[in-house]
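Numbering (the numbering used here), first residue to last: 281 to 415.
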């Protein structure tokens, strides 16, 4: 069994679409619009088969996202190298995105950094050298 998609409510539909397609190589479908319900969405597909649904509706409430709350806390994207994470982290910093976890090696051996998307969702960029990777 595979996860089909993860959905995010947003007031910044176009900004989130741009963020995930530009910086994480996602591919977007055409915008779905249901004028009767005031609903709009995009599905962003990734090479791995994962899909992210970005949704906007006029009656959604704006509740702050806290780091240590119950429920979904972050999305993680895997990278092919530490260098790729360093490069993207600096590119995002230059574009004004908030880096809330500087590049580092975690206690469980992942090289990672954490950035906030335009809505403040925590996005982890992770790489772990496999045992089969040559030095």
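Where is the CB? At the ideal position from N, CA and C, for every residue including glycine.
Contact check between the region 318-325 and the region 361-372: fewer than three CB pairs, one atom from each, fall below 8 Å, which does not count as touching.
Boundaries around residue 331 are those of the beta strand (DSSP E), 331-337, since no alpha helix (DSSP H) includes it.
A distance below 8 Å between beta-carbons, with the five flanking residues on each side excluded, links residue 359 to the following residues of its chain, in chain order: 365, 368, 405, 406, 407. Relative to the Cα of residue 375, the nearest Cα in the group 295, 287, 281, 289 belongs to 295. Residue 353 carries a coil assignment under DSSP once its states are collapsed to helix, strand and coil. Sixteen is the threshold: when 16 or more other Cβ atoms of the shown chains lie within 10 Å of the Cβ of residue 394, as they do, the residue is buried. A direct Cα-to-Cα measurement between residue 301 and residue 386 gives close to 27 Å.
Taking all protein chains in view, the Cβ of residue 306 is crowded by 16 or more other Cβ atoms within 10 Å, so the residue is classified as buried. Counting only the Cα atoms, residue 353 lies some 21 Å from residue 322. Here residue 299 is buried: its Cβ has 16 or more other Cβ atoms, across all protein chains shown, within 10 Å. In the structure shown, residue 367 falls within a helical segment according to DSSP collapsed to helix, strand and coil.
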